[in-house]
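Notes for the one structure printed next.
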Amino acid sequence: MPIRLIANALLFQASWFACVLGGTGWWLLVPLTALVIHFSWVSCWAAEGKLVVSVTLIGAALDSFLLQLGVFDFASTETLAPVWLVLLWALLATTLNHCLAWSAKPIWLAGILGAISGPLSYFAGSALAGVGLPLGQLYTWFILAPIWAITLPLLHGFAHLYREQFRLLEMSRRR
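Under UniProt numbering, think of the first position of the sequence shown as 1, with each following residue one higher.
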């Protein structure tokens, strides 16, 4: 396995723990540093940047919606997903073309991976960050599993679309 794929996975995991355990303050420097390192390694900033922005916006909207539905309780009066949770979406985007690229083909694999790992990540994060799950784990699982079974393949679709757009743009520039 190439060193950059391993580094991508390790940067994601370190940042995940920093966001979940730290939440705010200087801990947010860890995921921000991971994003800077990631962008210094990638060759196509345009496609990767577009992907990170898109996934971050989708994730922020989705988690804010779930917060409003009462799936999460952050023990505050926040009406939008907290910054640390939004950063996790940006970090997830950095893995789609890299250490998680294997899960895009066949696309149903991304659906299965999403249905299992999505809820598990939320459960682990909620336990470590002190985030409440007012509906309980079973109902929360039944909500998150289908959402993530759709979301991860959709995100891989965005990654593919942006890679193709960038490839076509590069081909047209060479002519």
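Glycine included, every Cβ here is placed at the ideal spot set by N, Cα and C.
query: Those residues which DSSP pairs with residue 132 across a bridge; result: 73
query: For residue 84, the first and last residue of its enclosing alpha helix (DSSP H); result: 83-96
query: Distance between beta carbons of residue 80 and residue 64, contact taken as under 8 Å; result: 5 Å
query: Residue 36, buried or exposed, once every other Cβ within 10 Å from all chains shown has been counted against 16; result: exposed
query: Residue 41, enclosing alpha helix (DSSP H) - first and last residue; result: 29-41
query: Spatially closest choice to residue 117 from 84, 23, 145, by CA coordinates; result: 145
query: Cβ-Cβ distance between residue 101 and residue 110 below 8 Å; result: no
query: Pair within 8 Å by beta-carbon distance, residue 70 and residue 31; result: no
query: CB of residue 187 within 8 Å of CB of residue 96, strictly; result: An answer regarding residue 187 cannot be provided, because it is not within the stretch 1 to 175 covered by the chain.
query: Distance, residue 94 Cα to residue 49 Cα; result: 9 Å
query: Inter-residue spacing [alpha-carbon to alpha-carbon] between residue 13 and residue 173; result: 37 Å
query: Proximity winner among 67, 29, 84, relative to residue 212 (alpha-carbon distances); result: Lying before the first or after the last residue shown, residue 212 is absent from the chain, which here runs from 1 to 175.
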